[in-house]
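>
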Amino acid sequence: MVNVKRVAVLCLAAVGVAVSGSDVLAGGPMGTATIKGKAMLSAAKPSMRAIDMGADKACAAMHSKPQYPQGKMVFPDGSIPYAFIYLKDGVTGKYDTPSTPVEIDQQGCMYRPHVFGMIAGQPLLIKNNDDTAHNIHALPKKNAQFNFSQPKKGLENKLEGSKTFTRPEVMVKIKCDVHPWMSAYAGVLSHPFFAVSGKGGEWEIKNVPAGKYTLAIWHEEWGTMEVPIEVADGATVEHTFTYSKAAAQRDVNVREVTVGSGPIARASNP
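Each residue of the sequence shown is one higher than the last, beginning at -4 in the numbering used here.
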């Protein structure tokens, strides 16, 4: 059995902080509300085996410490990184496709980031920073597949127009056919209201217009959940998604946050 605390320390730098789509994407109606919270696991933490990179000596030589599957990471307090949180329903505004590409890199024979979000039609820049060959293979269900190689360090492929993901889809798996342990997931939306959980399982979606929404979470190991939620202008609402062994069940843990003269956000059980 792997020491979960030790694994968490080793992987913390790679997880980074929560990523919010509204931090960098605009071009449509934005609001003043914030939805934030945590992704947690109440069930027993999964056992983790170190990734065997021995099939590619170049990959193995890049690491002085063991590497573990990113999708199985759970920190000692039960918090979960790499969960994709987004507004599934209720967004009515139309949002321009950003011209700035989303970047995904191959570093240490792992995808960085492991989970990310983007707007449909947004360019996707794929980099190889490893001194070994990679093959990038997307497996969408609603978008066109792509499958190409980057045989040496420093190569970049910018996918745009019809070559990028042009339709909303949650989630799109990306894998390396050369290194079977490598995978990444893209959440493709028509709007910028999404986030990826980071250290402490924390996530935050900013600039949300006032309204009623369905807030959803996806995690590759633990599945999906969703909850109806309502926010008002200037609101900050906190929500904790807690996965149990029955990962498909819905779990609501929302508390009102008071700003100014009264409560400004609420949620209810489905």
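Backbone N, C-alpha and C define an ideal beta-carbon position, used for all residues, glycine too. All figures in this text were calculated on a predicted structure; none of them were measured in a lab.
Can TYR77 and PRO187 be called in contact, C-beta distance under 8 Å?
Their beta carbons are not under 8 Å apart, which means TYR77 does not touch PRO187 by this criterion.
> If you follow the beta strand (DSSP E) that ALA56 is in, where does it begin and where does it stop?
Run containing ALA56: none in the beta strand (DSSP E); it sits in the alpha helix (DSSP H), 52 to 56.
> The beta strand (DSSP E) spanning LEU150 covers which residue range?
Unbroken run through LEU150: none, as it is neither H nor E.
> If the criterion is Cβ atoms closer than 8 Å, does the pair GLU215 and GLY32 meet it?
Contact flag unset, no.
> Would you report the Cα separation of ILE200 and TRP217, rounded to the nearest angstrom?
Going from the Cα of ILE200 to the Cα of TRP217 covers about 21 Å.
> Taking the beta strand (DSSP E) that MET220 falls in, what are its first and last residues?
Here the beta strand (DSSP E) through MET220 covers 218 to 226.
> Express the C-alpha separation of THR29 and LYS170 in angstroms, rounding to a whole number.
Approximately 33 Å between the Cα atoms of the pair.
> Alpha carbon to alpha carbon, how far is LYS52 from VAL203? Give it in angstroms, no decimals.
So the two alpha carbons sit approximately 47 Å from each other.
> Could you please give me the residues that DSSP links to SER144 through a beta bridge?
BP columns for SER144 point to ASN130.
> Would VAL97 pass as a contact of ASN138 if the rule is Cβ separation under 8 Å?
No, Cβ-Cβ distance for VAL97 and ASN138 is not below 8 Å.
> Is there contact here, the region 190 to 197 with the region 54 to 64, by at least three beta-carbon pairs under 8 Å?
These segments do not touch.
> Spell out the partners DSSP gives THR209 in its beta bridges.
Note: THR209 sits in a beta bridge opposite ASP84 and PRO223.
> Go ahead and pull the three-state DSSP assignment for LYS60.
Looking at LYS60 - three-state DSSP - the assignment turns out to be coil, as it is neither helix nor strand.
> Enumerate in chain order the residues of its own chain whose CB-to-CB distance from GLY66 is below 6 Å, with the five nearest sequence positions on each side excluded.
The residues are GLU215 and GLU216.
> Just the C-alpha distance for THR235 and GLU164, rounded to the nearest angstrom, thanks.
The straight-line gap from Cα to Cα measures roughly 24 Å.
> So, does the region 148 to 159 touch the region 31 to 48, judging by three or more C-beta pairs under 8 Å?
Because the criterion of three Cβ pairs below 8 Å is not met, the region 148 to 159 and the region 31 to 48 do not touch.
> Can you name the start and end residues of the beta strand (DSSP E) that ASN202 belongs to?
Taken as a continuous stretch (DSSP letters only), the beta strand (DSSP E) holding ASN202 covers 197 to 203.
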